[in-house]
Every structure is written in C-alpha cells, then in structure tokens.
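With UniProt numbering applied, the sequence shown covers 1 to 329.
Virtual Cβ for every residue (Gly too), placed ideally from N, Cα, C.
Single-structure report; data block below.
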Amino acid sequence: MAGVSQSTVSRVFTPGASVSLAVREKVLAAADQLKYRPNALPAILQTGRSGLVAVVMGGFYNPVYAGILHGITTALKERRLEAVLVDAGSDENLGDRVDDLSRYRIDGAISVLAVRSAKVADRLDQLGIPVVAVNSRQFGTLRVVSTSNRAIGRDAANALVDRGCTQLAYLAGRDNPSQRERESGFSKRVVARGLPTPQRAVAGFTYEEGYAAMVQLLASGARPDGLFCVNDLVAIGALDAIRTVPGLRVPEDIQVIGCDDIPMAAWQQNRLTTFAQDMTLLGRQCVEMLGNDPPASSVSVPSTLVLRATTRTLLQTPQQMQRKAPAAQ
C-alpha cells in the first residue's frame, strides 16, 4: 500500500533509523489505514535481544517498593526498554523464581529483593544475562545497588543521642542484608557514644508487626527514651502502640525515628522523623548498572534525615517542651 520495501517499513518503525520525512509519512498513513502494528518477534529472532528486563518484586504492602518500581520503569522507558514484572513475594522465595526467569527471553534482570545466598546468586549467573540486586550481599558477578543502610543506622543513633536520649531501643526486621546493616550501624554508634547497647525486639516489616513488637517491649517493663525502627511501617505501628499507654508521650517521653519516608510518614497524625531515600535515583542506578560492562561491584545511594514531630529539637528537654506547651483553655 505504501509502495516501499519491507526494509523501508522496518526503518520507519525503528527509532533513530534513517528515512525521509515523505516516506515516513506515507508508511505511517498506510499503517494507520491498515491498523498495522509492528511485530517485535522478527527483530527478537534476528538480534537475540528482546528489549525486556525482568523486575523481580515483593513486599507490595510497603509503599517504598512502588517508589522503586516507578524509578526503574521510568529509567527503562528512557532507554526504550520494557519491564516484565515477576512477583516473588519476598527475598526468601527468590530462589524459587529463578527457573521462571529462564523461561523468558529477557535481556537483563533487576531484583528489588535481596539475594541472600551464593547458591541463588550462582543460579542467577547461569541465566547468562546481567543481573542487578537491590540491598543485597555481593556475590560473584552480581551487580548491587544499595541504600546507605549502615550510615542510616549511624545517623539515627546520632540524632537520638544528640537530642538527649540515653536509653535506646531498636525494632528490627527479619534477617536480610539491609536490616543487618541498619542495626549494625545503629548499635555500634550508640555504644561508641558511651551508652548501653540498645534494647532489641524483632518486629518484621509491617505496621501490625511494629505495633505488636512495641506492645511486647513496653509490657516487658522497658522504657526506652529513643527508638529507631527498621522502616516507617514498623515505626508508625510503634507510634500507635505508644499512644495506648497513659502518660507516655512522643516526643516528650520517647523519640521515634523510622526509615524510607513513605507518604504515610508525613501524614498529620504521624509526622514521623525518618530517612528519605531517592527511589528515582535508586531505580536509575539499577538500570545503568545493567549496561555497565565491566560492571562496578556496587553503588550506594545516599539518604537524608527528615526531621518531624516525633523527635525533639537539639538539646531540648521534656521540661522545656512542657513549659512551651500552650495553656489549657
């Protein structure tokens, strides 16, 4: 219908290919009339490349993963690549989905879930494609993009100690690399500041687990005046648990810091002090790492402390806060 060869049609539908404006318009007009859409399969068979990148996800209960996914898909689109979403549930199940990845003709894979063992890393390596993992341990050829987890823990300890806290506690997640790094940075810094090792309770990663862990911690008789939580959902659960105890106030009696700066952290009833992580940058780094050859062993994305109402100002005591409180009407 357009009166041109198949190769000319192919160039019209290939980004960046050389073709005159007149020919392009003629081919597109014919394609519109025929309701033609280019088929990617011949190009895949000819080049061996699909333009598809598997994005392995889990933990959709946490809004932070939506931010990471948005960053990854935005960066992929800029490179004319498409994402194939693979739901693995959690990093504990990642090994079970490796065989599923081998069924697809993909050019690379980004695992937002951490790779927890050398065995799983070896199986990913056998796919013969570049693989990037977020907040993972470094195994072999695995490319890793991490948030600054150890620095987050260290800075959380400094923030609480600098605001007068002397009895600190940590609500931990279940074991994974980012959890271990955050706890290590926090605990070591607290001890380096001359204070006792923080009390610890395992809370998992959800609001419900944070609430339950804080109830258990308080029921044990513990009365920390500074609390760092593995993520914002756990911290918000802990805040609600604290509010059920008569006479226990935030931040006058206990100061709370979370991590991730999910939208709920800024909600009026929470106003949680937390660490903001640039998820757009993290996603972009993941996509860039796919194309690096040879790849860098790892890339770290910095975080920023966001101060809100669950921590006091520097050197402000509960007594000073009480004096500044407005008189009851």
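Legend entry - Cα-Cα separation between Q269 and M57, rounded to whole angstroms: If you take the alpha carbons of Q269 and M57, they lie about 30 Å apart.
Legend entry - A2 (DSSP reduced to helix, strand or coil): coil
Inset, instruction - Quick one: give me the first and last residue of the beta strand (DSSP E) that M57 is part of. - result: 52-58
Inset, instruction - Spatial neighbours of T141 within its chain, please: CB distance less than 6 Å, with the 5 preceding and 5 following residues excluded, ordered by chain position. - result: D125
Legend entry - Enclosing alpha helix (DSSP H) for Q285 [first to last residue]: 279-291
Legend entry - Cutoff 7 Å: L160 Cβ touching any chain D Cβ: Of the chains in the structure shown, none is chain D; there is only one protein chain.
Inset, instruction - Mind listing, in chain order, the continuous beta strand (DSSP E) runs of no fewer than 3 residues lying wholly within the segment 154-207? - result: 168-172, 199-202
Inset, instruction - Check the DSSP bridge columns for D87 and list the partner residues they point to. - result: M57
Inset, instruction - Just grab the DSSP bridge partners of V299 for me. - result: V145
Inset, instruction - Report buried or exposed for M1, applying the criterion of at least 16 other Cβ atoms within 10 angstroms of its Cβ. - result: With fewer than 16 Cβ atoms within 10 Å of its Cβ, M1 is classed as exposed.
Inset, instruction - Examine the Cβ distances between the segment 147-161 and the segment 184-196 and report whether three or more of them are shorter than 8 Å. - result: yes
Inset, instruction - Would you mind working out which of R103, L28, A118, V256 sits nearest L305, comparing C-alpha positions? - result: Ranking R103, L28, A118, V256 by Cα distance to L305 puts V256 first.
Legend entry - Q33 in three-state terms, based on DSSP: helix
Legend entry - Alpha-carbon spacing of A17 relative to T8, whole angstroms: 10 Å
Inset, instruction - With a cut-off of 8 Å on the beta carbons, I'd call P224 and T311 a contact; round off their distance for me. - result: Not a contact, Cβ separation roughly 13 Å.
Legend entry - Runs of alpha helix (DSSP H) wholly within the segment 204-271 (minimum 4 residues, chain order): Complete alpha helix (DSSP H) runs here, min 4: 207-219, 232-243.
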